[in-house]
Structures are given as structure tokens and as C-alpha cells.
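Chemist: Below you'll find the structure I mean.
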Amino acid sequence: MTAPGRRSSTFTRLLRHGFTDPSAAERLLDSPDLTPLRNDPVLLEALGATADPDLALNGLVRLTEAQPGPADRRELLDTLIAAKPLRDRLLGVLGASAALADHLARHPGDWQTLVTYEPRDLHPGVEEFERALAEAVDPVTLRVAYRRCLLSIAARDVCGTTDLAQTAAELADLATATLRAALALAMADAPQDAAQCRLAVIAMGKCGGHELNYVSDVDVIFVAETADGADEGKALQAATRLASHMMRICSETTVEGSIWPVDANLRPEGRNGPLVRTLSSHLAYYQRWAKTWEFQALLKARPVAGDLELGAEYVAALRPLVWKAAERDNFVADVQKMRRRVVENIPASEVDRQLKLGPGGLRDVEFAVQLLQLVHGRDDAALRSGTTLDALHALAAGGYVGRADAAQLDAAYRFLRSMEHRIQLHRLRRTHLVPEDDADLRRIGRSLGLRADPVAELTREWKRHTSVVRRLHEKLFYRPLLDAVAQLAPGEARLSAGAARERLVALGYADPASALRHLEALASGVTRAAAIQRTLLPVLLGWFADSADPDSGLLNFRKVSDALGKTPWYLRLLRDEGAAAENLARVLSAGRLAPDLLMRAPEAVALLGDGDGGLEPRTRAHLEQEVLAAVRRADNAVQGVTAARGVRRRELFRTAAADIVDSYGTETKPAEADQGALVDRVGAAVSDLTAATLAGTLRAVVREGWGDTLPTRFAIIGMGRFGGHELGYGSDADVLFVHEPREGVDDQEAAAAANRVVGEMRRLLQIPSADPPLLIDADLRPEGKSGPLVRTLNSYAAYYRRWSLGWESQALLRAEPVAGDAELAGRFVELIDPLRYPARGLDEEAVREIRRLKARMESERLPRGADPKLHTKLGPGGLSDVEWTVQLLQLRHGAEEPGLRTTRTREALAAALAAGLIGEEDAGILDEAWVLATRVRNAVMLVRGRAGDTFPSDPRELAAVGRYLGYEPGHVGDMLDDYRRTARRARGVVEELFYGG
Numbered sequence: 000m001t002a003p004g005r006r007s008s009t010f011t012r013l014l015r016h017g018f019t020d021p022s023a024a025e026r027l028l029d030s031p032d033l034t035p036l037r038n039d040p041v042l043l044e045a046l047g048a049t050a051d052p053d054l055a056l057n058g059l060v061r062l063t064e065a066q067p068g069p070a071d072r073r074e075l076l077d078t079l080i081a082a083k084p085l086r087d088r089l090l091g092v093l094g095a096s097a098a099l100a101d102h103l104a105r106h107p108g109d110w111q112t113l114v115t116y117e118p119r120d121l122h123p124g125v126e127e128f129e130r131a132l133a134e135a136v137d138p139v140t141l142r143v144a145y146r147r148c149l150l151s152i153a154a155r156d157v158c159g160t161t162d163l164a165q166t167a168a169e170l171a172d173l174a175t176a177t178l179r180a181a182l183a184l185a186m187a188d189a190p191q192d193a194a195q196c197r198l199a200v201i202a203m204g205k206c207g208g209h210e211l212n213y214v215s216d217v218d219v220i221f222v223a224e225t226a227d228g229a230d231e232g233k234a235l236q237a238a239t240r241l242a243s244h245m246m247r248i249c250s251e252t253t254v255e256g257s258i259w260p261v262d263a264n265l266r267p268e269g270r271n272g273p274l275v276r277t278l279s280s281h282l283a284y285y286q287r288w289a290k291t292w293e294f295q296a297l298l299k300a301r302p303v304a305g306d307l308e309l310g311a312e313y314v315a316a317l318r319p320l321v322w323k324a325a326e327r328d329n330f331v332a333d334v335q336k337m338r339r340r341v342v343e344n345i346p347a348s349e350v351d352r353q354l355k356l357g358p359g360g361l362r363d364v365e366f367a368v369q370l371l372q373l374v375h376g377r378d379d380a381a382l383r384s385g386t387t388l389d390a391l392h393a394l395a396a397g398g399y400v401g402r403a404d405a406a407q408l409d410a411a412y413r414f415l416r417s418m419e420h421r422i423q424l425h426r427l428r429r430t431h432l433v434p435e436d437d438a439d440l441r442r443i444g445r446s447l448g449l450r451a452d453p454v455a456e457l458t459r460e461w462k463r464h465t466s467v468v469r470r471l472h473e474k475l476f477y478r479p480l481l482d483a484v485a486q487l488a489p490g491e492a493r494l495s496a497g498a499a500r501e502r503l504v505a506l507g508y509a510d511p512a513s514a515l516r517h518l519e520a521l522a523s524g525v526t527r528a529a530a531i532q533r534t535l536l537p538v539l540l541g542w543f544a545d546s547a548d549p550d551s552g553l554l555n556f557r558k559v560s561d562a563l564g565k566t567p568w569y570l571r572l573l574r575d576e577g578a579a580a581e582n583l584a585r586v587l588s589a590g591r592l593a594p595d596l597l598m599r600a601p602e603a604v605a606l607l608g609d610g611d612g613g614l615e616p617r618t619r620a621h622l623e624q625e626v627l628a629a630v631r632r633a634d635n636a637v638q639g640v641t642a643a644r645g646v647r648r649r650e651l652f653r654t655a656a657a658d659i660v661d662s663y664g665t666e667t668k669p670a671e672a673d674q675g676a677l678v679d680r681v682g683a684a685v686s687d688l689t690a691a692t693l694a695g696t697l698r699a700v701v702r703e704g705w706g707d708t709l710p711t712r713f714a715i716i717g718m719g720r721f722g723g724h725e726l727g728y729g730s731d732a733d734v735l736f737v738h739e740p741r742e743g744v745d746d747q748e749a750a751a752a753a754n755r756v757v758g759e760m761r762r763l764l765q766i767p768s769a770d771p772p773l774l775i776d777a778d779l780r781p782e783g784k785s786g787p788l789v790r791t792l793n794s795y796a797a798y799y800r801r802w803s804l805g806w807e808s809q810a811l812l813r814a815e816p817v818a819g820d821a822e823l824a825g826r827f828v829e830l831i832d833p834l835r836y837p838a839r840g841l842d843e844e845a846v847r848e849i850r851r852l853k854a855r856m857e858s859e860r861l862p863r864g865a866d867p868k869l870h871t872k873l874g875p876g877g878l879s880d881v882e883w884t885v886q887l888l889q890l891r892h893g894a895e896e897p898g899l900r901t902t903r904t905r906e907a908l909a910a911a912l913a914a915g916l917i918g919e920e921d922a923g924i925l926d927e928a929w930v931l932a933t934r935v936r937n938a939v940m941l942v943r944g945r946a947g948d949t950f951p952s953d954p955r956e957l958a959a960v961g962r963y964l965g966y967e968p969g970h971v972g973d974m975l976d977d978y979r980r981t982a983r984r985a986r987g988v989v990e991e992l993f994y995g996g
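Right under this line is the structure:
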């Protein structure tokens, strides 16, 4: 008897053998049936070798108790101790699967299936499983026979007799035999239906790929033809009844549970399409309507049941279409978009535990392999396996994937699939989530041979393998391209030139030969720079491929690398700062403007990193301070303005780069959802930059001509989009110039000085140089182009008092001081406020005049040949419509509503809503249209490098505008339709508020 407080020797031995609840285990060993084996070292050793000794012992006790009589119990226990193969198999299963322990408790004689250990039992195929299921006469007996077969598969698996690939193949073969048995039962129940049709069952997914899980939906497609002399319609109805019955036999829950769901949703039109089609109907669908993912799914199609001859005809008819899928527009983008959509649909709480669908999971390996198969399988039949690991091996053997990368992916895939198998085996439930409970993790870890610290080791290995997959799954597509051109490993299989071109075309490159030359120039050689490029390029190529113009992205990257390749910081920045490389890839492949700005001063690439404020816009005060300091250091006005224009070029690049990155999003930060915020940031940044540039230019000109003090006080008033803080990348600077002679200065001298300042500013800002010019437009001044370029404040007052027209009051709504003498500018604002916010609003004649002017603009100013519905400025529902509507509200109500006294369109619209002058829905429609039209104009400038008010006609440029606006490849038609719809709704509001109100 054990003394109180002391543990028994059995307790200690149980702890040593891995039991987590030795007290409970002692009680189980004390049960009458196991008393003879209580101290048997063989039994304890065998239990300790299982994944969960407690679970195994509990299952053994239940199995022993379930034996029909004492003789049966004795036979079980004697065989268990005497036969090591049985002991390892039976206890291994009981320690890994509570569900199979339940099955053995219900069917206590089934342990006998684990006794035999003949060579033919080691790797059974479809025929062996068919024989094992042959005695099933109904769904219940089919389930029992199925579980008995599953028991033997699991026993070989947990004992290591079969590896992962063999286990998955056996599970697929068992599924094949089960589908055949279920179809035979369905046909036996309805012989008339069976006589009317030929029905073939095509396995898809993991069953078709011969790599099934323990618990998984079995994906199928049904194809049928008429039997001799039968009516096609009736034959299809009969085939549909048979197919439905077969699915129910497998899926429905009985007293013995279910087998697995049979899922036919991969068929043409999914669950909305007919369950069964003829071969010609299948072929017609795939030739006309199928999406890229449907051809990807057909990679694994395999006839498994029913009329196998018909199934073979189905595969033979559709297989050629599969290998043409890579020729489809946006093929790679479609596949990658499907993968992203899968990840996005995972609940946030499950992402980190998803073995199958999460980042770095099984699906990443499968998608990468399938993508490469579809690209290169057209010309290389060796790649056409439906089994992931076989296809990966073939890709490596053919040089389509680096051998080291393939080996790492193979190891990761095997480990993750083995984890998935062990998780599912426990309860025989369909799940791909890694459990959170330590007891579950301990069981899984031990089952995979991790015995020292199972939970910690399992977690570490799992994270390591997912990290490998995340790192490799996209590089897998691009790294062999570099190996093909760098040729650093003699004897290593590598992509042929033709295969490399084939892959680049699939990625969207229009000129694969040039792309290969760029890659060779960047990655060849043994220099440190070439080695870093070989590390960077696989990732960069993926980001270039995600743009509308991969060719330009790669060409621009080569240009920047040629310019900066010898600087010590450039490649280090891209390698070490996560954001920099992706930001650069996005910027270089999004259009012409940003790369052109960067090429003029490539060192601005440093802005794309995390340091020095990165892509955050700088304040106007900060910009003015820098520009004025540069002007002070300059020897003359030309040097000063050159410095100011250099700052402007750099900051335009910063603004454009930030806009592109925010619009596209990155791997760590999604695209900005608030389109209005994007527009406001660009408008404010470019307007502030223009104001700072004008301030610096004014200072440089004055200092060179007159020293510290100009003979006349001088101010610059921003107008139009400039005054409204809404400048785009290609906008001119609309301004008015106002001056006031200093005390004692002759009017003519003051006027001459002011005109000389304006002339010199315009000249210096347009001198051809590496920096983009800044055009100053003063056409909104009194009398337009016919009037003097510069006026005194008194002259403005006299003109506005006597001659001012309605359109000029409207134009003054956007007037805001931007540079020069602040006090003089303030008095100018005081002068114009009564004009733009008239105390009594507008009389009806003034409103009619504004409407007439607007109507004349619409008919006269639209460019010939332009599609009015797509013209962002003058078209119906465009910028002009929205702005004139808002400005009419400002002119009518600005005097009484302080919120309307703003130069900014969106602010004024919000103020009109707050004041009840416009309904919430109408305000939202106008705001959406204005934001969209502004975004389109910004996109056109970014893409083409020159301003435009309508969508580009070039397909690549149009696609690039679509990507900037958030449309996936292949959806430019949706973009144009959305623009027309948005503009049409806005025009309806304009008709009511501007023309009708």
C-alpha cells in the first residue's frame, strides 16, 4: 500500500511515459479487464509511444469492454501483447483519433482488420478498397465499411508505414471506391434510370488530384449521355436523379454518421447551373463562358466512377482548353486576385490559425504550383499532374522552379498537410484551423514526432514553414527568370529562353525580349550589387506584374538602378526598409509622371523609405521656409528660382508617389477607401507647393532687381483651383497680381516695377530645364487678356465698382492670397468680399445671366470629337456642373451663411448641406461626382505625363487609370460605366438645382 502523500511507482512510470493524468490512467489500468496487463512494460511502452497516451488507454479500455465475451477480450489482449504490428497500429490509432475509438467501441470486431500485415495490405489501391466495400447493401453498411477502411489507412499513417503523399493517395482511392459503391446503390434503387443514361463522375479538387484529406468535401462534376435509343431530355433527368441519390448516400447523416459531403459546385454556373450536363454542353460552356479559375480547377479533373469511357472523353475534350488558359488576358492577375479574395474572406480571428487558406498556408503552395503548370504545361506535358507534390517535383526537374526553393516548399507542404491530417483525424471533422488548446497541440506535436516540448516545437515548426511559404510562393514565379539570365550555377536546370519569354508574357509583359535584357543587365555578375538585385527582383517583378504596364516598371527600375547603382545607400534602402522597395515598384509602374520626376533627380528615391518624413506631405510653412532659404543662398535670381523649382520637382514627386501608394495600397496597408481624402491631400499639397514656389520666385526677382524692398507693395492672389486648394498635377497657376506704390514712389515707376516682376517671374518659371515648368495664368484679371497684367488696389476697386461682370464675381469666389504682401492681400480680400458675397444675394436677372453663360460654355468649349459623357470638366455631371452649382449657392447665400465663404468646393458643398440649402442625397451625389472627376484628371496626368480631361484611348493607359481608381485588371468597362452613371446622377441634381431652382 502506498503511504499517504507518496506517489505510487505506477503513477511515476505513467508520468515518465507521457501520461498527463496518471491518476485517471491508474484507475483505468485497475479495471478488471486490464488487471493482467497492469504492470506489463510492453503495454506501457507502447502507450507512451502514442500521440496521446491518456486517449489511447481510454480507447483501449472501451474497446476491451465492448468485446462480446471473455474469450474475445482474451484474444484481443493476448494478440495486443504478442503482436507488435497490431500493438503499434491499434494503440497508434487510439492515441490519435477519438472518432475512430468511437467506431471501434461500436464495432468491436473491427480491430481484426489491423492484425494482418501482408505486403498487399501496405499500399492498397482502388481495387482493394472496392472489395472491402463490396458487402455494403445500404448507406449504413457503406459507412461502417468505409470507417473500417479508414481505420487501416489511419493505422498505416500514424505508424509511419505510409508517408503523407501515400496516405493522401489512399484516401483518394478510398473516396473513388466509395463513390462507385454509392453510385451502384443508387442505380440498384432505380434500374430504369440507370438504363436510360450513361453517367460519369469526374473527381475534382483534392480527390481528383489524388491527394485527399481525412475529412473533406469531395468535389465532383457530372457528365451524362443518352443510352442507346433514349430521349436526351429524359436521359438527363434520369442522370440527375442518380447523381442526386449518390450524393445523398455519401452526405446524409445516419446512425453511423456521414461519410463526407459531395460538392458539385465546381460545375459550370456553380449551384445555379444544372447538376448534370452532356459533354457537348460542358464543352460549349468552357469555350464561351468559363472564368480563369474554372480552368485552374480542371487541372485536377479525373474520371472516377460511372461510365469511365465517357469520363475519359470528357477529360480529353476539355484538357486542351486548360492549357490555353494562360493565353487569356489578365491570366496571372485573375489567379492572384482569386487568391487574395480567399484570404480577405477569412474571419480576422482565424487568419493566424488557418493552415489551408491563410497567408503562408497550403493554398499558397497549391496556387503557385498551378499557376506555373498553366503557363508552362502548354508545351511541357511532364507538368500536367493533378497532384501538387508531383507537379512541384516536375517543375523543379524542368528548371521552371529552383531546386532549393522546390525542396523547401515540398517540406513545408508535407509538414502543413501532416498537421492538417492530425487535426482532422482526432474527431474526423472537416477543419483547417490549428487548435488553441495546449492538450490538442501536444497531441498533434507528439503525433509528428516532436516529443521534447511538443507544444513549443510544433508552434515553432508550423510558423517556420508558413514563413517559408510566404517568402517563396510568389518569388517562385519570378526567381527562375533571374536564374535563366544570371547563369551562376552551371549544371543546374533552368528556364529556357522560350519558357522565360512565355512566363513574362503570362505576367503581362508586352516585350519579353527587352524585359529579359533588363533582368540580365541588373542581375548578372558576381558583384554585391548584382547579388542584392537577385534578392530584390523576384519581389519587384511581382509588384510590376500587378500594374497595368509591367514593361515600363522594369525599364524605369533599370534606369533608376543605373543612375544610383554605385551609391552606397540605394540598394541598402530597398533591401532593408520594407516599404521602400514596394513603394518604388508601384511608383515606377503606375504611369509616366512620377518616373519622369524621379529620373530628373534619382536621389529622391530616398523619400520612399521610412526616414525623413517619408511620403507625408510637408506643410506650406515648411515648404516656404526651405524655398526662401535656398533663394537667400543663391547668387542670383536664376539660381534662386532654379533651387525653388528643384524643391517643387522633389515635392511633386513626393505627392505623386504618396498618391499612387495610397491608391494602390501595399501588402501591409490597404488602399485608401476615402476617395475624397485622396483628392483633398493632392489638391492641398500641390497648391501649397505652388504657393511656396511663387513666394520664393517673387523673393528672388525682387532681391536681384531692387534689393530688399520693391518700390511698390506687391501681392499674388490665387484664383480658380489654385485659390480653392484644388490644383492637380497638370494645373496652371491661375492668379491675379495687385500692387500699391510705396509712399513717395511715382505711379509709373511702381507700375513698371510690378510689371517687370511679373514678367521676370513668368520667364524664370518657364526656362527649359530638368524641372517641370510652372505656368502662370492671369487671364481671370479684369478685362481678361485685354486688360493690364498688374493693377493697383485702387484700380481694382474702380473697375469692380463700375465695370464688373457677373462672371467676375463668380470667379472671385475662389480668390485667396498666396504670396507677397499679406496686408495688401488682406485689403484686396476686403474689397472683393461684397462682390462675391452680395448682401442681398442675386436677383433673377443675374441668375439667368449665369445660366446663359454656363449653357454657352457647354456648347462652345467642349473639344470637337470628345465624348461629352466622359469629359470630366465640361461634360454633363463633370467638374464644371458641380462647381457652378455650388458657386451659385455661394453667390445667393454667402452673405448670410458664413460657412459658404470658402474657396474650396467640397467645403462649400458641406456648408450648403449644413445650412439646409441642399438635401443630403443631392449633396452626396454632387460630392461623389466631383471627387471622381478630379481623381480621373489626376490619374490621366499620372499615367500619361500630360494633362487631360477625358479618359485615354490607349488600352494600357486606360487600364492604368483603372488600377489607380481601384479597378481590377480587365474591368475598364466597369470603370467607364461607373463614371457615366455617377455623372448622369450628378447632372440630374444640377438640372434641378442650377437650371431649375
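Residue numbers are given in numbering that gives the first Met the number 0: position 606 of the sequence shown equals residue 605, and the series is strictly consecutive.
No residue lacks a Cβ here, since even glycine has one placed at the ideal position from N, Cα and C.
#1: Around the Cβ of Trp288, are there at least 16 other Cβ atoms within 10 angstroms (buried) or fewer (exposed)?
#2: Give the range of the beta strand (DSSP E) segment to which Ala381 is assigned.
#3: State yes or no: is the C-beta of His464 within less than 8 Å of the C-beta of Ala411?
#4: Suppose only complete runs of 4+ residues qualify. What are the alpha helix (DSSP H) ranges in the stretch 688 to 747, listed by chain order?
#5: What does Gly256 pair with, by DSSP beta-bridge criteria?
#6: Please state whether DSSP places Thr618 in a helix, a strand or coil.
#7: Pick helix, strand or coil for Gly269, following the three-state DSSP scheme.
#8: Give the straight-line distance between the Cα atoms of Gly590 and Tyr728, rounded to the nearest whole angstrom.
#9: What did DSSP end up calling Gly552 once you bin it into helix, strand or coil?
#10: Check whether the Cβ atoms of Leu869 and Leu834 sit closer than 8 Å, and answer yes or no.
#11: For Val219, which of helix, strand or coil comes out of DSSP?
#12: If Pro380 and Gly310 are in contact, beta carbons under 8 Å, what's the gap, nearest whole angstrom?
#13: Can you give the beta carbon distance from Phe543 to Ala584, rounded, assuming they're within the 8 Å contact cut?
#14: Under the rule that 16 or more other beta-carbon atoms within 10 Å means buried, what is His724, buried or exposed?
#15: What first and last residue would you give for the alpha helix (DSSP H) that runs through Cys206?
#16: Looking at the structure shown, is Leu788 part of a helix, part of a strand, or coil, going by DSSP?
#17: Evaluate Gln111 with the Cβ neighbour count: other Cβ atoms within 10 Å of its Cβ, from every protein chain shown; 16 or more gives buried, anything less gives exposed.
#18: Go ahead and pull the three-state DSSP assignment for Gly819.
#19: How would you label Lys872, buried or exposed, when you count the other beta carbons within 10 angstroms and need 16 or more for buried?
#20: Hey, how far is the Cα of Ala1002 from the Cα of Pro837?
#21: Would you kindly report the start and end of the unbroken alpha helix (DSSP H) that includes Arg983?
#22: Under three-state DSSP, which class holds Val881?
#23: Drop a sphere of 10 angstroms on the beta-carbon of Pro669, count the other beta-carbons inside from all chains shown, and report buried for 16 or more, exposed for fewer.
#24: Ignoring anything shorter than 4 residues, give me the alpha helix (DSSP H) runs that lie fully in the stretch 174 to 202, in order along the chain.
#25: By a C-beta neighbour count over all protein chains shown, 10 Å radius and 16 as the cutoff for buried, is Asp192 buried or exposed?
#26: So, are the CB atoms of Ala104 and Ala65 less than 8 Å apart?
#27: Any idea if Val939 is buried or exposed, counting beta-carbon neighbours within 10 angstroms, 16 or more meaning buried?
#28: By the DSSP assignment, the alpha helix (DSSP H) with Ala81 in it spans what residues?
#29: Give a yes or no on contact between the stretch 779 to 791 and the stretch 649 to 667, applying the rule of three or more CB pairs nearer than 8 Å.
#30: Just the Cα atoms here: how many angstroms apart are Leu235 and Leu278?
#31: In angstroms with no decimal places, state the Cα-to-Cα distance between Trp802 and Leu763.
#32: Taking Ala97 as the reference, give the member of Asp53, Ala70 and Leu823 with the closest Cα.
#33: Using only CA atoms, which one of Asn271, Leu606 and Ser466 lies nearest to Leu614?
#34: Quick check on the DSSP output: the alpha helix (DSSP H) that includes Gly17 runs from which residue to which?
#35: For Gln353, which three-state DSSP category applies?
#36: As an exercise, report each continuous alpha helix (DSSP H) stretch of at least 4 residues that is fully enclosed by the stretch 937 to 976, in chain order.
Modeler: On the basis of the data shown:
#1: Position 289 of the sequence shown holds residue 288. Counting Cβ neighbours within 10 Å, Trp288 comes out exposed, since fewer than 16 surround it.
#2: Along the sequence shown, read from residue 1 onward, the residue named residue 381 stands at position 382. Where Ala381 is concerned, there is no enclosing beta strand (DSSP E), given that its DSSP letter is neither H nor E.
#3: Counting from 1 along the sequence shown, the entry for residue 464 is found at position 465. Counting from 1 along the sequence shown, the entry for residue 411 is found at position 412. Contact: yes.
#4: 719 to 722
#5: Residue 256 sits at position 257 when you count from the first residue of the sequence shown. According to DSSP, which records beta bridges pairwise, Gly256 is partnered with Thr253.
#6: As a first step, residue 618 is located in the sequence shown; it is residue number 619 there, counting from the start. Three-state DSSP puts Thr618 in coil, outside helix and strand.
#7: Along the sequence shown, one-based indexing puts residue 269 at 270. Note: Gly269 maps to helix in three-state DSSP.
#8: On the sequence shown, residue 590 is found 591 positions in, with the first residue counted as 1. On the sequence shown, residue 728 is found 729 positions in, with the first residue counted as 1. Straight-line Cα distance between these residues: approximately 13 Å.
#9: In the sequence shown, the residue the question calls residue 552 occupies position 553. Of the three classes helix, strand and coil, the one that applies to Gly552 here is helix, per DSSP.
#10: Taking the sequence shown and counting its residues from 1, the one referred to as residue 869 is at position 870. Taking the sequence shown and counting its residues from 1, the one referred to as residue 834 is at position 835. No, they are not a contact pair.
#11: Here the question's residue 219 lines up with position 220 in the sequence shown. It is a strand residue.
#12: In the sequence shown, residue 380 corresponds to position 381, counting from 1. In the sequence shown, residue 310 corresponds to position 311, counting from 1. Looking at the sequence shown, residue 380 is not Pro but Ala. Contact doesn't hold; Cβ gap of about 20 Å is too wide.
#13: Counting from 1 along the sequence shown, the entry for residue 543 is found at position 544. Counting from 1 along the sequence shown, the entry for residue 584 is found at position 585. Rounded, the Cβ-Cβ distance is 6 Å, consistent with contact.
#14: Looking up residue 724 in the sequence shown gives position 725. It counts as buried.
#15: By 1-based counting over the sequence shown, the position of residue 206 is 207. Looking at the DSSP string, the run of the alpha helix (DSSP H) that includes Cys206 is Gly204 to Gly207.
#16: As a first step, residue 788 is located in the sequence shown; it is residue number 789 there, counting from the start. Three-state DSSP puts Leu788 in coil, outside helix and strand.
#17: Taking the first residue of the sequence shown as position 1, residue 111 is located at position 112. That one is exposed.
#18: Counting from 1 along the sequence shown, the entry for residue 819 is found at position 820. Here Gly819 sits in strand by DSSP.
#19: Sequence index remark: in the sequence shown, residue 872 carries index 873 (1-based). When all chains shown are included, Lys872 counts as buried.
#20: Residue coverage of the chain in this structure runs from 0 to 996, which leaves residue 1002 outside it and unanswerable.
#21: Locating residue 983 in the sequence shown gives position 984, where the first residue counts as 1. Element bounds for Arg983: Val971 to Val989.
#22: Residue numbering aside, residue 881 sits at position 882 when the sequence shown is read from its first letter. In this structure, Val881 counts as helix in the three-state DSSP scheme.
#23: Numbered from 1 along the sequence shown, position 670 holds the residue referred to as residue 669. It counts as exposed.
#24: 190 to 195
#25: If you number the sequence shown from 1, residue 192 lands on position 193. Its Cβ being crowded by 16 or more others within 10 Å, Asp192 is buried.
#26: Position 105 of the sequence shown, counted from the first residue, corresponds to residue 104. Position 66 of the sequence shown, counted from the first residue, corresponds to residue 65. Yes. Within cutoff.
#27: As a working note, residue 939 is residue 940 in the sequence shown. Burial call: buried.
#28: In the sequence shown, the residue the question calls residue 81 occupies position 82. Looking at the DSSP string, the run of the alpha helix (DSSP H) that includes Ala81 is Pro69 to Ala81.
#29: no
#30: Within the sequence shown, numbered from 1, the residue matching residue 235 stands at position 236. Within the sequence shown, numbered from 1, the residue matching residue 278 stands at position 279. Spanning the two alpha carbons is a distance of roughly 11 Å.
#31: The count along the sequence shown starts at 1 and reaches residue 802 at position 803. The count along the sequence shown starts at 1 and reaches residue 763 at position 764. Cα to Cα, Trp802 sits roughly 33 Å from Leu763.
#32: On the sequence shown, residue 97 is found 98 positions in, with the first residue counted as 1. If we check each option's Cα against that of Ala97, Asp53 comes out closest.
#33: For the purposes of this step, residue 614 is taken as the residue at position 615 of the sequence shown. If we check each option's Cα against that of Leu614, Leu606 comes out closest.
#34: By 1-based counting over the sequence shown, the position of residue 17 is 18. Premise fails: Gly17 is in no alpha helix (DSSP H) and is neither H nor E.
#35: Walking along the sequence shown from the start, residue 353 turns up at place 354. The answer is strand: DSSP assigns Gln353 an E or B state.
#36: 954 to 963
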